[in-house]
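Novice: Mind looking over this structure? Questions follow.
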Amino acid sequence: MITIREVAEQAGVSVATVSRVLNNHPSSSEKARLAVQSAVEKLGYHPNANAQALASQTSETIGVVVTDVTDPFFAILVKAVDKVAETHQKTILIGIGYHNAEKERKAIDTLLRKRCSCLVVHSKALSDDELRGYLARISGMVIINRVVQGYENRCVSLDNKKGTFLATETLIRLGHKHIGYIGSNHQITDETERIKGYLTALEHYHIPVSEHFIAHSSPDFEGGEEAMINLLSYNSDLTAVVAYNDSMAAGAISVLNENNINVPKQFSIIGFDDMPIARYLIPKLTTIRYPIDLMATYAANLALSLVDNKVKKPVHIQFNPTLVRRFSTENFL
Numbered sequence: 001m002i003t004i005r006e007v008a009e010q011a012g013v014s015v016a017t018v019s020r021v022l023n024n025h026p027s028s029s030e031k032a033r034l035a036v037q038s039a040v041e042k043l044g045y046h047p048n049a050n051a052q053a054l055a056s057q058t059s060e061t062i063g064v065v066v067t068d069v070t071d072p073f074f075a076i077l078v079k080a081v082d083k084v085a086e087t088h089q090k091t092i093l094i095g096i097g098y099h100n101a102e103k104e105r106k107a108i109d110t111l112l113r114k115r116c117s118c119l120v121v122h123s124k125a126l127s128d129d130e131l132r133g134y135l136a137r138i139s140g141m142v143i144i145n146r147v148v149q150g151y152e153n154r155c156v157s158l159d160n161k162k163g164t165f166l167a168t169e170t171l172i173r174l175g176h177k178h179i180g181y182i183g184s185n186h187q188i189t190d191e192t193e194r195i196k197g198y199l200t201a202l203e204h205y206h207i208p209v210s211e212h213f214i215a216h217s218s219p220d221f222e223g224g225e226e227a228m229i230n231l232l233s234y235n236s237d238l239t240a241v242v243a244y245n246d247s248m249a250a251g252a253i254s255v256l257n258e259n260n261i262n263v264p265k266q267f268s269i270i271g272f273d274d275m276p277i278a279r280y281l282i283p284k285l286t287t288i289r290y291p292i293d294l295m296a297t298y299a300a301n302l303a304l305s306l307v308d309n310k311v312k313k314p315v316h317i318q319f320n321p322t323l324v325r326r327f328s329t330e331n332f333l
């Protein structure tokens, strides 16, 4: 491998001069620039990216921490950040947390060791105090899908409560009075906020709620199946369900079909997230859109701007959920 010292010897200049030319430093003379460029071409020299990062205390990468890259939700998040990175001639490095504090911590620390000056972090397991510690040290770190007190202006979130309120209200306006809720068994703020939106809507419309109308399980297809089985076992009068996410809604629909309960003629269901699966279920799923693509794009641009000191006073951005009406809901008479 050709070194910078060999380039300097070929060009007849110092190593420092080669470094200045390669980094487009204004103090480089035209004569030195031409000599170095000629030596670089003749020797086929390629600058070492890691060495450049160490010298500049930065790198051409954006770090992204997500829970699970196999989940379509996080795949969309990563793709959105990657598009922003490409626009700025950067690449991305990915860390995976799996809802585990130690793994989230390791993912962040690994990206920092790789000189990622910009980080978009989706963390659910680390405490607010630990995240505040990272935010205090890393000026280009942005938290997505969570709000950390004291750093609200570097957090990008969704109004989850509003989303499930809207879903429940939609079912009420369709005539449903016995509405269940399928929630996640993960102890995270998303679940806390979403069940609160469901309960708030019922209270607002003076509809009583039973503890047997609520079931929790893993936030995936299998969890949706298990939760729907539990709801049907306890209740014979349920006519609708609000699900924590689209995967759980898909599992619930599968159980309803197996029990010859027609969706939507006999039973309506609304999901959350508007993932691609929602458009291909039978029937196509009415759901709450989670604009994670827009949120991730905003978060990545914010992280870059913070590092470049282009944002003097960023503001907390909370995105709004919207209803996507398809065919899993119908008027109930």
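Each residue of the sequence shown is one higher than the last, beginning at 1 in UniProt numbering. Glycine is no exception: its CB is placed at the ideal position from the N, C-alpha and C atoms.
What are the boundary residues of the alpha helix (DSSP H) that Q266 is part of?
Specialist: Translated into positions along the sequence shown, residue 266 becomes position 266. Neither: Q266 is in no alpha helix (DSSP H) and is coded neither H nor E.
Novice: What's the C-alpha gap between H212 and I182?
Specialist: On the sequence shown, position 212 is the one that residue 212 refers to. On the sequence shown, position 182 is the one that residue 182 refers to. So the two alpha carbons sit approximately 11 angstroms from each other.
Novice: In this structure, what does DSSP give as the bridge partners for D273?
Specialist: Here residue 273 is taken as the residue at index 273 of the sequence shown, counted from 1. Beta-bridge pairing links D273 to R289.
Novice: By Cβ distance, which residues of its chain are closer than 7 angstroms to F165, with the 5 residues on each side in sequence left out?
Specialist: Locating residue 165 in the sequence shown gives position 165, where the first residue counts as 1. G197, T200, A201.
Novice: Does the distance from the C-beta atom of I179 to that of I207 stay below 9 angstroms?
Specialist: Mapped onto the sequence shown, residue 179 falls at position 179. Mapped onto the sequence shown, residue 207 falls at position 207. Yes, these two residues count as a Cβ contact at 9 angstroms.
Novice: Report back the beta-carbon spacing between S268 and T329 to the nearest angstrom; my notes put them in contact at under 8 angstroms.
Specialist: One-based indexing of the sequence shown puts residue 268 at position 268. One-based indexing of the sequence shown puts residue 329 at position 329. The pair is a contact, with the Cβ atoms about 4 angstroms apart (cut-off 8 angstroms).
Novice: First and last residue of the alpha helix (DSSP H) that includes H204?
Specialist: Here the question's residue 204 lines up with position 204 in the sequence shown. Here the alpha helix (DSSP H) through H204 covers 189 to 204.
Novice: Since A303 and A85 are thought to touch, with beta carbons under 8 angstroms apart, how far apart are those beta carbons, to the nearest angstrom?
Specialist: Indexing the sequence shown from 1 puts residue 303 at position 303. Indexing the sequence shown from 1 puts residue 85 at position 85. Going by Cβ atoms, the distance from A303 to A85 rounds to 10 angstroms, so no, they are not a contact pair.
Novice: Please go through the segment 197 to 253 and give each complete alpha helix (DSSP H) segment of 4 or more residues, from N-terminal end onward.
Specialist: Listed in chain order, they are 221 to 234.
Novice: Report the CB separation of A240 from L285 in whole angstroms; it is logged as a contact under 8 angstroms.
Specialist: Position 240 of the sequence shown, counting from 1, holds the residue named residue 240. Position 285 of the sequence shown, counting from 1, holds the residue named residue 285. Not confirmed; about 13 angstroms, so no contact.
Novice: Going along the chain, which residues of its own chain have a beta-carbon closer than 6 angstroms to the beta-carbon of S217, five neighbours each way excluded?
Specialist: Taking the sequence shown and counting its residues from 1, one reaches residue 217 at position 217. Cβ neighbours of S217 beyond the five flanking positions: N185, G223, E226, A227.
Novice: Just to confirm the assignment, what range does the alpha helix (DSSP H) spanning S19 have?
Specialist: Mapped onto the sequence shown, residue 19 falls at position 19. Where S19 is concerned, the enclosing alpha helix (DSSP H) stretches over 15 to 22.
Novice: Output the distance between the C-alpha atoms of G95 and K83, rounded to the nearest integer angstrom.
Specialist: Translated into the one-based positions of the sequence shown, residue 95 becomes position 95. Translated into the one-based positions of the sequence shown, residue 83 becomes position 83. Looking at the two C-alpha atoms, the distance is approximately 17 angstroms.
Novice: Would DSSP call S328 helix, strand or coil?
Specialist: Start at 1 with the first residue of the sequence shown, and residue 328 comes out as number 328. In the structure shown, S328 sits in coil (DSSP, three-state: anything other than H, G, I, E or B).
Novice: Give the secondary structure of L281 by DSSP, where H, G and I count as helix, E and B as strand, and everything else as coil.
Specialist: Here residue 281 is taken as the residue at index 281 of the sequence shown, counted from 1. L281: coil per DSSP, three-state reduction.
Novice: Using only the alpha-carbon positions, how far apart do H316 and Y151 sit?
Specialist: Here residue 316 is taken as the residue at index 316 of the sequence shown, counted from 1. Here residue 151 is taken as the residue at index 151 of the sequence shown, counted from 1. In a straight line, the C-alpha of H316 is about 8 angstroms away from that of Y151.
Novice: Do V142 and V121 have their beta-carbon atoms positioned less than 9 angstroms apart in this structure?
Specialist: Translated into the one-based positions of the sequence shown, residue 121 becomes position 121. Translated into the one-based positions of the sequence shown, residue 142 becomes position 142. Contact: yes.
Novice: From what residue to what residue does the alpha helix (DSSP H) around V156 run?
Specialist: Position 156 of the sequence shown, counted from the start, is the residue given in the question as residue 156. No alpha helix (DSSP H) contains V156, which is instead part of the beta strand (DSSP E) from 155 to 158.
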